[in-house]
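Residue numbers (the numbering used here), protein chains in the order written: chain Y, 1 to 305; chain Z, 306 to 610. Where a beta carbon is used, it is the ideal one built from N, C-alpha and C, also for glycine. Here's the structure, in structure tokens; my notes come after.
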């Protein structure tokens, strides 16, 4: 990523919050996935390998940051964030497989199908998807069944055919079709935007915010989701593979249209900045308590991986 | 399957019920998966290809048969059965893939990864898993959020690492390990038993039966689940590939221990009969209204595919 985008370091509020949520999500996965002494051990190990100790944990960070606006118990928000992260991790495992993106590196270590095998990768992904809904439906999470079922509903919709998986399918189609900007935008709203939006939504659900009170938070989520993907495309085009911990420039090689190929680097970068500024404006009704959410928005364009 | 087991035809009560539930589940999938005019069309088509017009629909039949004991609205029970079937179908798609069982035939037609491609098969399975939880969390299903969240909890647990997927992992391990009868039983209780038990449990949840009132139904479910798998092993050892609509004798070729390899054909068959008799005894507190559940139990040992 060029200097113009990386000259600001994430502030310490965000840095501390990232370190904290990474530890919390790791601890939650660790407690949720104790390796049994039976022939399922290898599956548990593959799930732990992929779920523990990697990733920015941006989605759990969003859940906890929004939930904290409404005084939600932090350990509950962390578990909900871990459920969401479980979906994200499963999608990466399946996406990395030979029949999909065929990637060999993820978070700087061999992908699950290489560290284990393809069959274990399929099953680890499948089990992590189920785990997300096990965590959210657990009566120990929150007593109110309405809160739990709304969390399930939000995550199932955001991760399924009308969300993440639908976006992944469009992404495959992008290799052979030539998408315009509207279609690429739709693709990315589904592929990454839906789950980021779900993170914000689930924080609000935990806070008992009714749907009509979520308008501004949804605007924030929509904008950072799109900005996130534009920056992903910029990092893919300009980034360093070692810093990223994964293979880059695969989209161009596959002949896929991206925000960068359609807008060019300069317009893509300014578009990401505009989106982030608008995202921050959506938080105007909140005071200092939303400072972390503002920092997350700025981080989206400033990150270098 | 030998004559001694197939000399009784399923009675017309069961026959009619199977035809009816097959039509209802097909209609429910059809209504739930309208193909959109966008690049996700291929994914929808693959989901429809695998979900519509195949399979015995034994799990939805169990949901509706149990729900009917308690006067549950049939269309609600059918949707819950379709959610459960969505999980079953996704597991078959992933199980058939080259890196798993590498099967080319399912319900007499080419498996999804052959009719489409491996990537589409991965995503169709992933999307069908999410669909199950979308159906169950839909507020239009039942107003009471407690019923919906209990349905989600039951299905997530039964399909995840402590249920179906855990059993599939043990099944893979069975190729290189030499399991004893206790381990094979545990494997099958997870791999197929958990989802069959969930079908019965979900029917009872719809009927507002409290957990302490489900003991007999759980006994019924546990017994038919095990009998089902023993008969599957018998059909695999003795069945006709064309009638089965799938490849057979793969367990023996893979060197896996099964109920048949461990017990022999005669003891396996008598064990299945004992289990079914016990299953029917668990229904003694019910009258004529449970006749369909008794017929299902008998069908488990009498079926030829």
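Beta-carbon proximity check, residue i vs residue j, cutoff 8 Å
i: residue 339(Y); j: residue 301(Y); result: Nothing about residue 339(Y) can be read from this structure; chain Y reaches only from 1 to 305.
i: residue 416(Z); j: residue 401(Z); result: yes
i: residue 508(Z); j: residue 371(Z); result: yes
i: residue 497(Z); j: residue 533(Z); result: yes
i: residue 43(Y); j: residue 123(Y); result: yes
i: residue 466(Z); j: residue 40(Y); result: yes
i: residue 555(Z); j: residue 423(Z); result: no
i: residue 573(Z); j: residue 538(Z); result: yes
i: residue 514(Z); j: residue 375(Z); result: yes
i: residue 482(Z); j: residue 389(Z); result: no
i: residue 141(Y); j: residue 148(Y); result: yes
i: residue 73(Y); j: residue 52(Y); result: no
i: residue 548(Z); j: residue 410(Z); result: no
i: residue 205(Y); j: residue 291(Y); result: no
i: residue 535(Z); j: residue 576(Z); result: yes
Residue i, enclosing alpha helix (DSSP H) - first and last residue
i: residue 20(Y); result: 12-32
i: residue 186(Y); result: 181-188
i: residue 162(Y); result: From DSSP, residue 162(Y) is part of no alpha helix (DSSP H); its letter is neither H nor E.
i: residue 352(Z); result: 346-356
i: residue 557(Z); result: 555-558
i: residue 36(Y); result: Looking at the DSSP string, residue 36(Y) is not in any alpha helix (DSSP H), and its letter there is neither H nor E.
i: residue 202(Y); result: 194-206
i: residue 549(Z); result: 546-549
i: residue 299(Y); result: 291-302
i: residue 223(Y); result: 215-238
i: residue 514(Z); result: No alpha helix (DSSP H) contains residue 514(Z), which DSSP labels as neither H nor E.
i: residue 389(Z); result: 379-401
i: residue 388(Y); result: Residue 388(Y) lies beyond the residue range present for chain Y, which begins at 1 and ends at 305; the question has no answer from this structure.
i: residue 443(Z); result: It is not in any alpha helix (DSSP H) - residue 443(Z) carries neither H nor E in the DSSP assignment.
i: residue 62(Y); result: 58-69
Integer Cβ distance of residue i from residue j, believed to fall under 8 Å
i: residue 164(Y); j: residue 187(Y); result: At roughly 11 Å, the Cβ-Cβ gap does not stay under 8 Å, so residue 164(Y) and residue 187(Y) are not in contact.
i: residue 347(Y); j: residue 200(Y); result: No answer is possible for residue 347(Y): the residues shown for chain Y start at 1 and end at 305.
i: residue 412(Z); j: residue 550(Z); result: 5 Å
i: residue 438(Z); j: residue 521(Z); result: Not a contact, Cβ separation roughly 28 Å.
i: residue 434(Z); j: residue 129(Y); result: 5 Å
i: residue 334(Z); j: residue 387(Z); result: 6 Å
i: residue 463(Z); j: residue 499(Z); result: 4 Å
i: residue 306(Y); j: residue 484(Z); result: It is not possible to answer for residue 306(Y), since the shown part of chain Y is limited to 1 through 305.
i: residue 486(Z); j: residue 567(Z); result: 5 Å
i: residue 490(Z); j: residue 531(Z); result: 7 Å
i: residue 152(Y); j: residue 340(Z); result: That pair is no contact at about 26 Å.
Proximity test, residue i beta-carbon vs the ligand NAD heavy atom, cut-off 7 Å
i: residue 228(Y); result: Absence of the ligand NAD from the depicted structure is noted, as is the absence of any ligand whatsoever, leaving it without description.
Residue(s) in a DSSP beta bridge with residue i
i: residue 277(Z); result: No statement about residue 277(Z) is possible, as the shown extent of chain Z runs from 306 to 610 and does not include it.
Inset, instruction - Please determine if the stretch 524-533 of chain Z and the stretch 438-457 of chain Z are in contact, where contact requires at least 3 C-beta pairs separated by less than 8 Å. - result: Inter-segment contact for the stretch 524-533 of chain Z and the stretch 438-457 of chain Z is absent: fewer than three beta-carbon pairs are separated by less than 8 Å.
Legend entry - the stretch 349-360 of chain Z in contact with the stretch 390-409 of chain Z per 3-pair CB rule at 8 Å: For the pair of segments examined, the stretch 349-360 of chain Z was found to touch the stretch 390-409 of chain Z: the number of CB pairs separated by less than 8 Å reaches three.
Inset, instruction - Report yes or no: do the stretch 316-325 of chain Z and the stretch 247-260 of chain Y share at least 3 C-beta pairs separated by less than 8 Å? - result: The answer is no - the stretch 247-260 of chain Y does not touch the stretch 316-325 of chain Z, with fewer than three Cβ pairs under 8 Å.
Inset, instruction - Please confirm if the stretch 358-366 of chain Z is in contact with the stretch 376-387 of chain Z, defined as three or more CB-CB distances below 8 Å between the two stretches. - result: Segments in contact, yes.
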